[in-house]
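Read through the structure below, which is laid out as structure tokens, and then see the notes.
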Amino acid sequence: METPVSRSALYGKLAGPLFRSLESATAFCKLRSNPWVELTHWLHQLTQQPDNDILHVLRHYQIPLSDVEKALLRQLDMLPAGASAISDFSHHIDLSVEKAWMLASVRYGDNKIRSGWLLLALLTTPELRRVLSSICAPLATLPVDELTEILPSLIETSPEAQERPYDGSGLASAIPGESSQAIPNGGQDGKSALAKYCQDMTAQARDGKIDPVTGREHEIRTMTDILLRRRQNNPLLTGEAGVGKTAVVEGFALAIAQGEVPPALREVRLLALDVGALLAGASMKGEFESRLKGLLEEAGRSPQPVILFVDEVH
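The sequence shown begins at 17 in the working numbering and counts up by one.
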């Protein structure tokens, strides 16, 4: 059975300009006090870019950009306003990204979603084509069969051709079932969620970046015993500020690095979660929860066991 592609993995396949246009659409939606980020916002922001796949298509079919912009602006004025916060991306944006990824990876063998694949997804998916017809008739009139055949040649000189997917993976010809193993919420530098939001304390210990810890042997042994339990195996370190709670964790990292722990813990990676980094930029509703879920899923899939250290857990 094929594993569904996670939302964060799908959005990570957006090419850099397309990802940035969606960020701009989100800001534009917030500025207009609309409750949902809609396809109208996204297409409008794509028309504001100096060059992309969609603009190449418009030029080929001699569709005036001004006609597209006017249609989108009319639709923007019809959207409900007065929202104090953005709820999320609309269902149609999620669906368009999913369909565009299927076209990109399966039909065209691309490792990223370009605005050209997005446009074709809007035209070839019945539900999305109905939406496109209602928000931008000039785009909806494009000849689908012809465009499907000639689109690769139309966009080969577009600047999007040189872009990488936003997650930086560079995976060739991945199909959706395979891409579900992509690391959610990776950044442009290609880091996984664990690498992006955590520090490897065991690696630091092996590299001599953690000073020796003395006088904490009892606490380290107690923590080790708790971790080896089958149940209720999450140790919680409490105490006033400055009493050395973090030092206990550093001592545990040193013990792992030096092989001074029971066999079950010798191959463990002790990772310190940077909650601040996890929260940074998580302005969309549910984005922090999505990042955290993706990080935990990655930790669960890791071939090397992972223990997460969360500082200031309160």
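Just so you know, even glycine gets a beta-carbon here, dropped at the ideal spot from N, CA and C.
| query | result |
| --- | --- |
| Secondary structure of V122, DSSP reduced to three states | helix |
| Three-state secondary structure assigned by DSSP to I129 | strand |
| Beta-carbon gap between P154 and V73 smaller than 7 Å | no |
| Separation of R282 from Y124, as counted between CA atoms | 45 Å |
| Cα-Cα separation, G260 to E314 | 30 Å |
| Residue range of the unbroken beta strand (DSSP E) whose run includes L286 | 285-289 |
| Separation of E54 from R90, as counted between CA atoms | 14 Å |
| Exposure of P321, with buried meaning 16 or more beta-carbon neighbours within 10 Å | exposed |
| L138 and S100 closer than 7 Å at C-beta | no |
| Helix, strand or coil at V322 according to DSSP, with G and I counted as helix | strand |
| Residue range of the unbroken beta strand (DSSP E) whose run includes I216 | The sequence shown places Asp at residue 216, not Ile. Per DSSP, D216 belongs to the beta strand (DSSP E) from 214-216. |
| Proximity below 7 Å, CB of T218 to CB of A269 | yes |
| Three-state class that DSSP yields for S142 in the structure shown | With the sequence shown as reference, residue 142 is identified as Pro, and Ser is not the correct amino acid for it. Looking at P142 - three-state DSSP - the assignment turns out to be helix. |
| Range covered by the alpha helix (DSSP H) that runs through K46 | 32-47 |
| Where the alpha helix (DSSP H) containing G98 begins and where it ends | Run containing G98: none; DSSP gives neither H nor E here. |
| Beta-carbon contacts of W117 that lie in its chain and below 7 Å, excluding the five residues immediately before and after | L26, K29, I129, P192 |
| Classification of S189 by the beta-carbon crowding that lies within 10 angstroms, buried from 16 upward | In this prediction, S189 scores a pLDDT of 33, lower than 50, which makes its location untrustworthy; the coordinate-derived value is nonetheless stated afterwards. With fewer than 16 other Cβ atoms within 10 Å, it is exposed. |
| Rounded C-alpha distance that separates V265 from L311 | 21 Å |
| Rounded straight-line distance, which links the Cα of V122 to that of L290 | According to the sequence as given, residue 290 is Asp; it is not Leu. Answer to the nearest angstrom: the Cα atoms are 37 Å apart. |
| Helix, strand or coil at P279 [DSSP, three-state] | helix |
| Exposure of A198, with buried meaning 16 or more beta-carbon neighbours within 10 Å | In this prediction, A198 has a pLDDT of 27, which is less than 50 and means its spatial position is unreliable; nothing more can be read from the coordinates. |
| 8 Å contact criterion, which R232 and G255 should meet: CB distance rounded | So it is not a contact: roughly 12 Å between Cβ atoms. |
| DSSP state of D223 mapped onto helix, strand, coil | coil |
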